[in-house]
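Visitor: So the number in our numbering is just where the residue sits in the sequence shown, counting from 1, plus 156. Glycine included, each C-beta is placed from N, C-alpha and C at the ideal position. The model shown is predicted, which means the values in this text are computed figures rather than measured ones. Supplied in structure tokens, the structure appears directly below.
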Amino acid sequence: MALDLLKVEPHRVKAGVQGKMFLFYGGPKTGKTVTACQFDRPLLLAFEPGYNLIDGIEAVMVTSWLDMKNYIKQLKKPEVREKYNTIIIDTADLMWSLCEKFIKTQKDIEDLTDLGFGKGYRAVRDEFQEAITGLGQMGYTLVFISHAEKKDYVDSLGVSHSGITPTLDKRPKEILSGLVDVLLFRYEKKQENGGNVSTALLRGGVYGNTEIEAGSRYGEGLPVEIPFNYNELIKAIQSADEIMLSNGVQI
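The following block contains the structure:
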């Protein structure tokens with residue numbers, strides 16, 4: 157039912173991570189999923205079996221797109237919404253793959269190009285984006301997980317780069333890059349004592365001789381990098397919200 161436009165209330169930015177979207181990417185087995193599982197009341201939608209050593213996590217395997225559609229339907233129920241605050245997608249790459257497989261089966265084709273004029277890719281894009289926006293509109297915090305690779309890529313503005321980027325295919329990456337509030341790259345930063353510390357880059361750029369894809373809606377409101385753990389991320393987001401407040405944005 158359409159709203160009465162005379163009764164629309166101004167949108168208020170919510171302080172903290174609740175209701176925001178994140179994309180964590182980095183090397184395998186580097187704590188991305190473990191950190192995501194520390195968010196408030198998480199449910200892990202596992203497209204790969206990588207949570208065996210995460211004690212206490214509530215997780216379900218997603219082996220088909222019909223599974224995904226069923227879980228989204230359940231997540232709309234008030235009693236389920238009350239149980240979970242955070243939905244973790246691990247990995248976004250495999251989520252896209254299942255969506256593509258579903259469209260191929262539904263359209264009875266072997267290749268998306270069989271439909272001609274980009275219709276196959278548009279069908280996958282629409283199905284994929286509908287799932288994500290549906291979860292976002294329910295108020296869940298969304299954390300997408302991907303891996304990292306070094307390759308040539310094109311950013312959302314069509315600018316070509318060569319560096320480290322998520323392993324996501326071009327099309328789902330374009331969708332997620334446009335939707336997420338924070339795109340975070342996780343890596344091991346070398347210390348002077350010879351050790352390493354788990355670190356997150358929150359802003360893209362050239363580091364040493366390597367270009368890294370990262371960024372957020374906060375721009376310079378977030379630091380360039382932080383130690384990669386839940387508490388430091390929460391602290392950084394809250395600080396960025398306070399900067400928005402000081403600039404006159406109500407939250």
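Just how far apart, CA to CA, sit ILE407 and PHE273?
Guide: Your numbering for residue 407 matches position 251 in the sequence shown. Your numbering for residue 273 matches position 117 in the sequence shown. Its pLDDT being 46, under 50, ILE407 is placed unreliably in this model, and the value from its coordinates should be taken loosely. So the two alpha carbons sit approximately 44 Å from each other.
Visitor: ILE244 to LEU201, Cα distance in whole Å?
Guide: Residue 244 sits at position 88 when you count from the first residue of the sequence shown. Residue 201 sits at position 45 when you count from the first residue of the sequence shown. Whole-angstrom Cα-Cα distance: 6 Å.
Visitor: Under the three-state reduction of DSSP, which class applies to ALA356: helix, strand or coil?
Guide: In the sequence shown, counting from the first residue as 1, residue 356 sits at position 200. Note: ALA356 maps to strand in three-state DSSP.
Visitor: From the DSSP output, in three-state form, read off ALA304 for me.
Guide: Numbered from 1 along the sequence shown, position 148 holds the residue referred to as residue 304. DSSP places ALA304 in strand when its eight states are reduced to three.
Visitor: Closer than 7 Å by C-beta to LYS329: which residues in its own chain qualify, once you throw out the five before and the five after it? Chain order, please.
Guide: The sequence position of residue 329 within the sequence shown is 173, counting from 1. Cβ neighbours of LYS329 beyond the five flanking positions: PRO322.
Visitor: Comparing C-alpha positions only, which one of GLY319, SER302 and GLN174 sits nearest to MET251?
Guide: For this step, residue 251 is matched to residue 95 along the sequence shown. The residue with the shortest Cα to Cα distance from MET251 is SER302.
Visitor: Indicate the three-state DSSP secondary structure (helix, strand or coil) for GLY276 in the structure shown.
Guide: For the purposes of this step, residue 276 is taken as residue 120 along the sequence shown, with counting starting at 1. Helix.
Visitor: Does the distance from the CB of TYR386 to the CB of GLN194 come in under 7 Å?
Guide: Counted from its first residue, the sequence shown places residue 386 at position 230. Counted from its first residue, the sequence shown places residue 194 at position 38. Yes, these two residues count as a Cβ contact at 7 Å.
Visitor: Here's a check: name, in chain order, each residue in its chain whose Cβ is nearer than 6 Å to the Cβ of ALA356, leaving out the five neighbours to either side.
Guide: Your numbering for residue 356 matches position 200 in the sequence shown. Cβ neighbours of ALA356 beyond the five flanking positions: LEU340, ARG342, ILE382 and PHE384.
Visitor: Check whether the segment 288-306 and the segment 175-194 touch, using three or more Cβ-Cβ pairs below 8 Å as the test.
Guide: Result yes; three or more Cβ-Cβ pairs closer than 8 Å.
Visitor: Among all the DSSP beta bridges, which residues are the ones paired with GLY292?
Guide: Start at 1 with the first residue of the sequence shown, and residue 292 comes out as number 136. Paired residues: none, contrary to the question.
Visitor: Are ASP311 and SER318 touching if we call contact CB-CB under 7 Å?
Guide: Against the sequence shown, residue 311 aligns to sequence position 155. Against the sequence shown, residue 318 aligns to sequence position 162. No, these two residues do not count as a Cβ contact at 7 Å.
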